[in-house]
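Residue numbers (the UniProt record's numbering): 1 to 298.
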């Protein structure tokens, strides 16, 4: 009974800590996005991609209050999140977007610069940082990815393809309705934001799956475990067609997962053992369990 109570208490504490961490990430993300918008983009009539870009475009053309636009334009995407992802995700997204609108309304940020290149780069950076931190907190500040997920499930297009199409439409509209220069700077802003989002989500710990085919599998296995501290999986295989003709010799195929910072060390160690080893590298978005901690993306 006592053990059961302690386990429940520990689970509750972990849950509280997780919710606290998520809330902190979302709050910092909202402040960062607000700073990017009010300190860089808004005062200079700059655009971004996605739902935020649509809101900014309507704001420039109509002078409707941006906080109001951000909520209104995102409402359909929040509904999609509710139906396509989860109720919790949709509620957290609604709260985050509401906080963003509130922050834009109540908090004053200084206008940092009027240099167009700096606005595009740093405005995109702070906006992207805000979106990325919110994603790590378990929600989104921009509903584009939710829409992309929905369309990808109904068509042959991937999520990435849909996002590109959406942004091409936004930038084309900006070029027609405002001017080409604004559209070009919007592309630069979006590029800065998207790269920042990628870095915050994956960071330096972006994982790579490595498949190694070598005659010295045992030596390679020991190096990976002892020098890199990584786990390995061994597959039993057979040699296919080589320079010496068809070979049916049994061999062990090694598979491991390392961070991109460890790739060079791994390949150097393998080369010291077997210069002719066949190595395949594949990018991995996320991992869970084993000897590798999960990436902080919910």
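For every residue, glycine included, the Cβ atom is placed at its ideal position computed from N, Cα and C.
Exercise for the section: Please classify residue 146: does DSSP put it in a helix, a strand, or coil? Expected result: helix
Practice task
Alpha carbon to alpha carbon, how far is residue 232 from residue 68? Give it in angstroms, no decimals.
Solution key: Answer to the nearest angstrom: the Cα atoms are 52 Å apart.
Problem - CB of residue 185 within 9 Å of CB of residue 53, strictly - result: no
Exercise for the section: List the DSSP bridge partners of residue 163. Expected result: BP columns for residue 163 are empty, so no partner.
Problem - Span separating the alpha-carbon of residue 234 from that of residue 254 - result: 5 Å
Problem - Helix, strand or coil at residue 214 according to DSSP, with G and I counted as helix - result: Residue state, collapsed to three classes: coil.
Problem - residue 127 - partner residues in DSSP beta bridges - result: Looking at the DSSP assignment, residue 127 forms no beta bridge with any residue, so it has no partner.
Handout entry: Rounded separation between residue 90 and residue 26 - CA only
Key = 14 Å
Practice task
Identify the continuous beta strand (DSSP E) that holds residue 87 and give its terminal residues.
Solution key: Taken as a continuous stretch (DSSP letters only), residue 87 belongs to no beta strand (DSSP E), being part of the alpha helix (DSSP H) at 87 to 106.
Problem - Given 8 Å, three or more beta-carbon pairs between the region 39 to 46 and the region 72 to 89 - result: no
Exercise for the section: Name the two residues that bound the continuous alpha helix (DSSP H) containing residue 73. Expected result: 66 to 84
Practice task
Return helix, strand or coil for residue 254, following the three-state DSSP convention.
Solution key: strand
Handout entry: Distance CB(residue 274)-CB(residue 220) smaller than 9 Å
Key = yes
Practice task
Inspect the CB distances between the region 160 to 171 and the region 92 to 101 and report whether three or more fall short of 8 Å.
Solution key: Taking 8 Å as the limit for Cβ pairs, the verdict is that the region 92 to 101 does not touch the region 160 to 171.
Exercise for the section: Pick helix, strand or coil for residue 209, following the three-state DSSP scheme. Expected result: strand
Problem - Rounded distance between the beta-carbons of residue 120 and residue 32, thought under 8 Å - result: Not quite, the Cβ-Cβ distance comes to about 17 Å (not below 8 Å), so this is no contact.
Practice task
Provide the residue span of the beta strand (DSSP E) that contains residue 233, from first to last.
Solution key: 232 to 238
Practice task
Output yes or no for whether 9 Å exceeds the beta carbon distance between residue 192 and residue 122.
Solution key: yes
Problem - Separation of residue 28 from residue 167, as counted between CA atoms - result: For residue 167 and residue 28, the distance between alpha carbons rounds to 26 Å.
Exercise for the section: Compute the Euclidean distance between the alpha carbons of residue 78 and residue 99, then round it to the nearest angstrom. Expected result: 14 Å
Exercise for the section: Write down the C-beta distance between residue 66 and residue 104 rounded to the nearest angstrom, noting that I regard them as a contact closer than 8 Å. Expected result: 6 Å
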